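Student:
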Amino acid sequence: MFPYPSGAGLHVGHPEGYTATDIIGRYKRMKGYNVLHPMGWDAFGLPAEQYAIQTGTHPSVTTRNNCDTFRRQIKEIGLSYDWDREINTTDPGYFRWTQWIFIRLYNTWFDENLRKGRPVEELDIPPDIEAQGNAAVREYTNSKRLAYYDHASVWWCPSCSIVCANEEVLTDGSHEKCGNQVMKRQLKQWLLRIPHYAERLLEGLETVDWPEGIREMQRNWIGRSDGAEVDFSVSGSNLKIRVFTTRPDTLFGATYMVLAPEHHLVEKITTRECRKQVGDYIKATMLKSDLDRTDLAKEKTGVFTGSYAINPVSGSKIPVWIADYVLTGYGTGAIMAVPAHDTRDFEFAKKFSLEIKCIMDPDTDNSTLREAVLRGDECWTEDGKYINSANPAKGIDINSLNLQTGISTITQWLEKERLGEHKTNYKLRDWLFSRQRYWGEPFPVIHWDDGEIEIIDENNLPLLLPELEKYQPGETGESPLANAPDWVNVTSRDGRRGRRETNTMPQWAGSCWYYLRFIDPKNNERIFDPEKEKYWMPVDLYVGGAEHAVLHLLYSRFWHKVLFDLGVVSTDEPFSRLFNQGMILAFAYETATGAKVTADQVTEKDGKYYHSETGSELRQIVAKMSKSLKNVVNPDDVINRYGADSLRLYEMFMGPLEATKPWDEKGVKGVFNFLSRTFRFVSNPANLHEGGEDPEVLKALHQTIRKVETDIDNMRFNTAISAMMIFLNIITRKEKITRETASLFTLVLAPFAPHLAEELWQILGNAGTLAYEPWPSVNETYLIEDTYEYPVSFNGRLRFHLPLPLDTPEEEIGKIISADPRSGKWLGGNPPRKIVFVKGRIINIVV
RNA sequence: GCGGAUGUGGCGUAAUUGGUAGCCGCGCAAGACUUAGGAUCUUGUGCCUCAGGGCGUGGGGGUUCGAGUCCCUUCAUCCGCACCA
C-alpha cells in the first residue's frame, strides 16, 4: 500500500511491508519473472491544507517536499521500485482519471436482475415516469445513479469550521484535531450507492486469498442479515408501520413497538396528550451524539406516543413508543419489540413496566432459568419450543416447532397473507463522498441555478484546483474553494448561470484505484491500455497494514467491481492475495509523573532504566510509535549507524511479518554482526579456494538455498535469515570454502541485503550486477542422507541418540536396542512391551 | 456482549505440522587477543538438583507409544465491531 507522505518522514514501520515485497520482487526477478513493483504517493489530505492555513504555503509545495523526503528515504533503503511508474494522486495527469471514474459512477445504475452496474443510457424508464415529463425522468434517473447529490447528516467541527470524517471523531464526541465537540449537521453532499454491491462484495470475499480476520471484518461491516418485513396497522387509523425483524417467529411475543425518534410517522401517530413529551424527547435525542446513543452503559430511554398498533398474528393492541435505541438508518427505522426474547427489548420493557410475554419454552437444563423465562422474569434468545404461538382464526400455529422451522413457517404465512415478506438487510450505508476541503480532487460538476446538475465533458478533464489567497474554510460549511469566485461562477454560452461544485473528493478517491494506474502511468489517452491491464491484473500480492481492513479495501473493491461491470477492467476482484504486516511498536520511557523521555536520554542498568541527566528511574513501556510518546524510530538514524542492509534485515528478522513486535536497537546490532561477519569471511581471499567443495559445505549450502526459497515463497523471512546465519556459522567453522560456494551464497543473500551482496559479488570476481543472475538451483543429490541420528526414548523420555543407516529394517530395531549397553538401565531387565519406530524420526520403547 | 487472534527462557523468536522443546539472534557469564574495549574470537547459558535425575510451552483435565501442536475447560493480553432488531 502506498503511503501518505507526511511531513514527519518515514518511521521504521513503513519499510516493513516494503522490504518484504522488495525481497519477493528481487527473488522473483532472479527466478525469471516479470515483476511490477511500483511506488507512489497518496498525497491529497488534510495536513498539507492545515499547514497552508497556518503559513500560506500552497499544499502542492508542502506535498512536493514531503514526497521528496519519502522518495529519498525509500531509495536509501534500496527498495527496487520501478521509478518510471511513480504516481502521485495530486498530479493532474493522475486525478484526471479519478474524476473520469467519478463520471463513470455517476453514469452507472445497478441492474438488480443482472446484478451488475450498467450505463444509464441502458436504464429503462417506466412508462408512468416517462409520461410525467423530463423533470420526472431526470429525477428517476438520478435516483438510480451510483453517485448522487443529496442532503446528508455529517459531523461538523464548529471550531475548525470543517466537516469531519467518522474516523476523525473520538469516542467522547470530540474532534481529534482540536478536542472540541463536533455536531451533526445537514449539508448537501455527494454519496455513492455502495450498498447495491453489498452482495457482490460479500461473494467476492470467498474467492480471494486474504487473512480470515480481514474477510470477517468486511463481512461484519457489510452486515447482511436475513429476516422479514412485517406491517403493523395503527389502531384507529389506516396508517401502517413496517418493521424489519430477523425473528418473525416471535411475532406472538411482540407486546409493544418502537419507532426511531426520526421516523416519519412519529408526528402523525403522536396523540395530543403525548405531543409535549414526544417533542421534548426528540429534541433531547438530536443533542446526543451517535456515540451517546449507542453507549451500552447508559440506561434505555424512550416515551409513549399515545398510539396503539395491532399485532397482526394475535390481533392484540400494543403500545407504540419512540426510543433512541432504535436507529433510523437501519431496517425500516421501526421495530416490533419482543421483550421475552430480545435482550434490548427486555431491558426497555423492565424499565417501563411493559408486558413481557414468553412464547418459547427454552432448551435448557437449568430449571430455575427455564421457569424464570416462562414467567417473563428472564430473557431467552436461543432455541426452544414455541408456546402461546397459535391463532386458529388466522390459520397459523407454530406451537412446539423449533426456531429454524418456526421462522420459515411464519415467513411463508406472512407472505401468503400479504402481511409481510422475506427481506435481506445490510448495515452498509451509502458512502459520503465529499469533503469541505481544498486539497482534494475537484468534482467535475456544475450546479446550474435552475437546479440541474451537469457533469463536465470528460474530454475537458482534468478540472484543476484554483489558486487561492486563503485556504480557510467558510463559516457556513462551504469548502475553501468557495473563496475563488472566478473559478466557482460559470456562465454558459446561452447565458445560464451556475456554480462549480465546491466540495472535493475524500482522500479515499485517489487510493481507490492507484494500483491500476501503475500498469500504464504515463498514458494520456486513456486510463490505461486494456492489453496491459489484462497482462498484469489482478494484483498477485498486496501488502499493507490491517488498519485499512475495511475502508480502503472495501472502497477499492467496490470501484473495481463497477469498472469490471463497465468492461474497463478484466477481473472482478482487484487483489488476489492480501497480506497484513504487523505493527511495529517501540519502547517508550516515562518518569514517575508520566513525562515522556526520548530513548537517547535513557541509561540502562541491571534491567532498570534511568534518566541520563537527572538520574531518576524511568518506566519502560511498549507502545505504538507516536510523537507524543517520543518513541518514533527514524530509519535515517538506523541507516547512519548500521547501513540500509541492516535495517532491511532487522525489519525481517524481528519475527513473523504478520506479528506485532517491538523495535529493539539491540536486535539491529545482531543482524549487523551477521552482515559484518559475512563480509569479513567472504571478502578475505585466505578463506577461498578453487578446489572441490567439502561435501558437508555443499550439503549445508543446498539446504540453505532450499530453506530460503521456501521461506520466501511462504513469506517467512525471519527463518530464512536464520538459515543464512546458520550457514555462515558452518562455513566459519570450516574456515575455507570455494569461490563458487561463496558466489552462490551471495546470490541467496542478495534479495535481503542487496548492497552488501553486490559488493561481495564484485570482490569475488564476478562481472556486472547480480540483480539479474538466476537464482541458484538446489541440487537434490547433495541433500540425500544415508544415516540418521535416532533419538531413542523410553516411555516417551529421550535417553540417548543412536546413529543408524536410514535403510535399517524395522524388524532389527528391537535387537539393536536390546544390544545397546545404555538400554539395560531403562529396560530394567524386562523385554520391551512395544517398540514404536518411525523411519527417519524417532524410536520409542514402551516398557 | 459478539467476532478475530495470541500466550514458549531474562528479551525477540524457532520447532520437519502429532515425533529430540528452546534453532537463530539479543542479553548475560567466563576466557583469549589487547594500552584499552561498547571491536573481534572461543566456550557456556530454560529451571531445580542430594548430580542419579526431576520439572518444564498461561492454568486444569483428556486422547495417544508420544502433545507446544489435537479435544474439553479455564484464565490473561491484544485487535476489530458494538442497542444493526
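Using the working numbering, the first residue of the first sequence is number 572, and each one after it goes up by one.
Even glycine gets a Cβ: it sits at the ideal position worked out from N, Cα and C.
In this text, all values refer to a predicted model and were calculated from it rather than measured experimentally.
1. Check whether the Cβ atoms of Tyr1113 and Leu1149 lie closer than 8 Å to each other.
2. Report all residues from its chain with a CB closer than 6 Å to the CB of Tyr1213; omit the five preceding and five following residues, and keep chain order.
3. Where does Met1223 sit, in a helix, a strand or coil, going by DSSP?
4. With a Cβ-Cβ cutoff of 8 Å, do Phe673 and Phe1224 count as a contact?
5. Please state whether DSSP places Gly1069 in a helix, a strand or coil.
6. Can you tell me which of the three DSSP states Tyr1361 falls into?
7. Can you tell me where the alpha helix (DSSP H) with Asp1208 in it begins and where it stops?
8. To the nearest whole angstrom, what separates the beta carbons of Val1253 and Ala1321, a pair I think is in contact under 8 Å?
9. Would you mind sorting Ser1063 into buried or exposed? The rule is 16 or more other CB atoms within 10 Å of its CB.
10. Out of Val734, Pro1374, Glu1040, Asn1054, point me to the one whose CA is closest to Gln625's CA.
11. Check for me: the alpha helix (DSSP H) holding Lys847 runs from which residue to which?
12. Could you give the DSSP three-state label for Val1417: helix, strand or coil?
13. How would you call His1372, buried or exposed, if buried means at least 16 neighbouring beta carbons within 10 angstroms?
14. In its own chain, which residues sit with a C-beta less than 6 Å from the C-beta of Ile785, not counting the 5 before and 5 after it?
15. Suppose you measure from the CA of Arg818 to the CA of Ile969; what does that come to, to the nearest Å?
16. Do the CB positions of Leu1052 and Pro1033 come within less than 8 Å of each other?
17. Straight-line CA distance for Leu867 to Glu918?
18. Is the beta carbon of Met601 less than 8 Å from the beta carbon of Trp1346?
19. Cα-Cα, which of Arg689, Gln621, Trp654 is closest to Cys749?
20. When you compare each of Thr1047, Tyr1126, Asn1095 to Trp1084 by their alpha carbons, which one comes out closest?
21. Helix, strand or coil for Asp780 per DSSP?
22. Within a Cβ cutoff of 7 Å, which residues of the same chain sit near Arg1128, ignoring the five residues on either side of it in sequence?
23. Would you kindly check if the distance between the Cβ of Val1204 and the Cβ of Val583 is under 8 Å?
24. Quick check on the burial criterion: 16 or more other C-beta atoms within 10 angstroms. Buried or exposed for His912?
25. Classify Trp726 as buried or exposed, calling it buried when 16 or more other Cβ atoms lie within 10 Å of its own Cβ.
26. Cβ of Lys921 within 8 Å of Cβ of Ser806?
27. Residue range of the beta strand (DSSP E) that Val753 falls in?
28. Excluding the 5 residues preceding and the 5 following Tyr589 in the sequence, name in chain order all residues of the same chain whose CB lies nearer than 6 Å to its CB.
29. Among Tyr879, His1326, Ala1159, whose alpha-carbon lies nearest the alpha-carbon of Ser808?
30. Assign Lys1132 to buried or exposed, taking buried as 16 or more other Cβ atoms, counted over all protein chains shown, within 10 Å of its Cβ.
31. Would you kindly report the start and end of the unbroken alpha helix (DSSP H) that includes His746?
32. Checking the sheet assignment: what are the DSSP bridge partners for Ile812?
33. Which residue comes first and which comes last in the beta strand (DSSP E) that contains Arg989?
34. With distance defined between alpha-carbon atoms, name the residue in Glu1229, Asp1111, Phe815, Glu692 nearest to Asp780.
35. Report the three-state DSSP secondary structure of Trp668 (helix, strand or coil).
36. Just list the residues that DSSP pairs Gln1152 with in beta bridges.
Tutor: Looking at the coordinates:
1. yes
2. Val1239, Phe1243
3. helix
4. no
5. strand
6. strand
7. 1206-1213
8. Going by Cβ atoms, the distance from Val1253 to Ala1321 rounds to 13 Å, so no, they are not a contact pair.
9. exposed
10. Glu1040
11. 846-858
12. strand
13. exposed
14. Ala1120
15. 13 Å
16. no
17. Low local confidence applies: a pLDDT of 47 at Leu867 is under 50, so the model's placement there is unreliable, with the coordinate-based value given in what follows. Spanning the two alpha carbons is a distance of roughly 11 Å.
18. yes
19. Gln621
20. Tyr1126
21. strand
22. Leu772, Gly775, Glu1144, Pro1145
23. yes
24. buried
25. buried
26. no
27. Premise fails: Val753 is in no beta strand (DSSP E) and is neither H nor E.
28. Leu650
29. Tyr879
30. buried
31. Counting along the chain, His746 falls outside any alpha helix (DSSP H), and DSSP gives it neither H nor E.
32. Phe803
33. Segment: none, Arg989 is in no beta strand (DSSP E) and carries neither H nor E.
34. Asp1111
35. helix
36. Gly1116
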